[in-house]
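Residues 1 to 441, numbered by UniProt numbering, are exactly what the sequence shown covers, in order. All residues carry an ideal CB built from backbone N, CA and C; glycine is no exception. On a predicted model such as this, the values are computed, not experimentally measured, just so you know. Before any comments, here is the structure.
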Amino acid sequence: MPLLYVPLFLITLVYFLYRHFTNKLDYWRKKNIAGPQPIPFFGNLKESALRRLPVGLLYKKFYEDFPEEKIVGIYLMKTPAILIRDLEIAKHVLIKDFDMFADRGIKFGEKDMGANLFHADGDTWRVLRSRFTPLFTSGKLKNMLHLIDERAEKFVKYVDLITKDNTEHEVHSLVRKYTQATIAACAFGLDMDTYGQLADTLKRIDKKIFTVNSSSILDMLYPGILKKMGGSKFPKEVKEFFFDLTKRIISQRQGKPTERNDFMDLILALRQKEIQCRTKNDDNLILDMNDSVISAQSFVFYAAGYETSASTMGFLLYQLALNQDIQDKVIEELDSVLKKYNGDLSLEAISELTYMGKVFDETLRMYPIIDKLKRCAQMDYRVPETDLTIKKGQIVIVPVHGIHFDEKYYPNPEVFDPERFSTENVAKRHSCAYMPFGLGP
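So, in structure tokens, the structure goes:
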């Protein structure tokens with residue numbers, strides 16, 4: 001007799017699970033908001049959850065499937081979210097009404113690696129931004145140029161050496177060697193030639209940082225679940241590596257800035273000043289600049305600078321290889337500017353590489369660093385010129401990849417054309433039609 005209860009139990013369990021994952025899947029239909037048809041458990045993210053399609057390209061598909069809509073209703077697992085197509089609405093969310101969407105909807109906690117400029121929210125983000133933004137002024141970055149220049153010269157010699165016998169190389173792997181050495185020098189003051197074992201360690205760490213894992217997929221489907229479960233998107237080995245590395249460098253420098261003028265020097269100088277930040281209500285916000293907080297900033301400086309730079313350089317070189325006429329113009333401009341500055345590629349010289357700037361911009365249009373922007377409503381918000389109210393806690397997504405390939409803003413978007421970024425053409429477009437690094441504060 002007890003065996004008869006087993007099928008009954010399973011049927012009941014399946015029923016309640018089905019109800020749990022489908023009870024909100026009519027949310028947008030009831031509000032007359034168009035959107036793709038969701039399915040139980042996955043919502044609209046099945047293709048990304050099964051690793052068939054990157055989520056940025058999936059959002060691009062939703063963007064293209066509803067060309068007449070200003071906003072599109074989608075589901076993250078069972079949670080209703082909003083995908084914005086209209087650039088004026090995007091401007092309100094990202095810039096004009098930023099205070100209502102200051103939360104980026106990334107719930108990784110505010111301890112350990114989560115206490116960084118990219119992942120933190122609320123007061124933690126505000127005080128981090130207030131303290132660390134001054135570190136990235138043009139004057140301070142100019143002081144790092146010699147570190148970049150030294151690695152570039154070594155990289156050119158390396159390329160000359162390996163191309164003597166074989167002129168064909170996988171460009172992404174090649175430029176990663178350069179960006180890794182450059183970021184290691186600018187962030188931590190490390191010379192990859194001196195620390196040979198570090199390259200192997202970083203290769204292993206990089207794989208853990210940039211490979212999509214089950215934790216990433218789970219948090220994509222169910223935003224905030226990792227935080228609720230006490231989990232983390234950052235693998236333990238990654239956290240320990242950056243904490244130990246940061247602690248060792250701080251100890252080597254005796255907790256004080258040296259003359260290297262790298263990122264670690266800037267942070268140590270900042271810690272010495274004991275800057276105190278305030279909110280608009282003049283409430284003191286104190287951030288203890290301990291080793292853990294410093295390691296979190298070092299991590300995001302490395303992660304944001306290394307792979308993104310390598311990918312952009314790789315795609316740029318790929319497009320130059322495909323477009324000989326554009327490559328010739330780039331070389332001609334470089335030769336002219338370098339001749340003017342006696343071969344010294346200073347910041348002043350770089351600022352005169354206007355055509356190269358267009359090439360970079362077009363590369364980032366086709367291959368944006370951030371292919372989607374996510375915000376979380378801090379309060380109920382009436383969407384301008386619509387009947388929709390975004391509820392507090394709802395996720396809002398701006399599909400950067402979709403916007404960058406919209407023919408309304410970029411005719412023949414699949415064609416690589418740097419002249420899209422001439423002064424005249426930029427002036428014709430909406431200010432939010434280009435956002436490879438995101439927009440807003």
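- Counting along the chain, Tyr-75 sits inside the beta strand (DSSP E) bounded by residues 71-76.
- In this structure Glu-307 is buried. Its beta-carbon is surrounded by 16 or more other beta-carbon atoms within 10 angstroms.
- Shortest Cα-Cα distance from Cys-376 to any of Ser-48, Glu-88, Phe-98 involves Phe-98.
- Taking C-alpha positions only, Asn-32 is separated from Tyr-410 by approximately 30 Å.
- Here the alpha carbon of Lys-391 sits roughly 18 Å from the alpha carbon of Gly-35.
- With contacts defined as CB atoms closer than 8 Å, Leu-317 and Val-359 fail to qualify as a contacting pair.
- Under the three-state reduction of DSSP output, Lys-374 falls in the strand class.
- Contact between Phe-263 and Ile-370 does not hold, since the beta-carbon distance rounds to 21 Å and is not under 8 Å.
- Contact check between the region 160-171 and the region 243-251: fewer than three CB pairs, one atom from each, fall below 8 Å, which does not count as touching.
- Residue range 79-84 is occupied by the beta strand (DSSP E) that includes Leu-83.
- Inclusion of Cys-186 and Leu-147 in the CB contact set at 8 Å is warranted, their separation being smaller than that value.
- Met-356 is positioned such that its CB atom lies closer than 8 Å to that of Glu-333.
- Leu-270 is a Cβ neighbour of Arg-131, given a cutoff of 8 Å.
- In the DSSP assignment, Val-396 falls within the beta strand (DSSP E) that extends over 395-398.
- Per DSSP, the unbroken alpha helix (DSSP H) holding Asp-160 starts and ends at 145-162.
- Judged by DSSP secondary structure, Phe-136 falls outside any alpha helix (DSSP H); it is assigned neither H nor E.
- Sorting Gln-378, Arg-420, Phe-405, Glu-419 by C-alpha distance to the C-alpha of Leu-94 places Gln-378 at the top.
- Within the same chain, and ignoring the five residues on either side of Met-435 in sequence, the residues whose Cβ sits closer than 6 Å to its Cβ are Val-400.
- Here Gln-180 is not near Leu-145, since their CB atoms are 8 Å or more apart.
- Taking a 10 Å sphere around the C-beta of Pro-67, we find fewer than 16 other C-beta atoms and assign the residue as exposed.
- Secondary structure at Gly-305: helix, using DSSP grouped into helix, strand and coil.
- Annotated three-state conformation of Gly-440 is coil, per DSSP.
- Judged by DSSP in its simplified three-state form, Tyr-355 adopts helix.
- Check the Cα spacing between Asn-261 and each of Gly-440, Gly-139, Lys-60: the tightest is with Gly-139.
- Under the criterion of beta carbons closer than 8 Å, Gln-319 and Ile-82 do not qualify as touching, at roughly 33 Å.
- C-alpha of Asp-206 to C-alpha of Leu-347: approximately 30 Å in a straight line.
- Ranked by how close their Cα comes to the Cα of Glu-64, the residues Glu-407, Ser-295, Ser-422, Tyr-302 have Glu-407 in first place.
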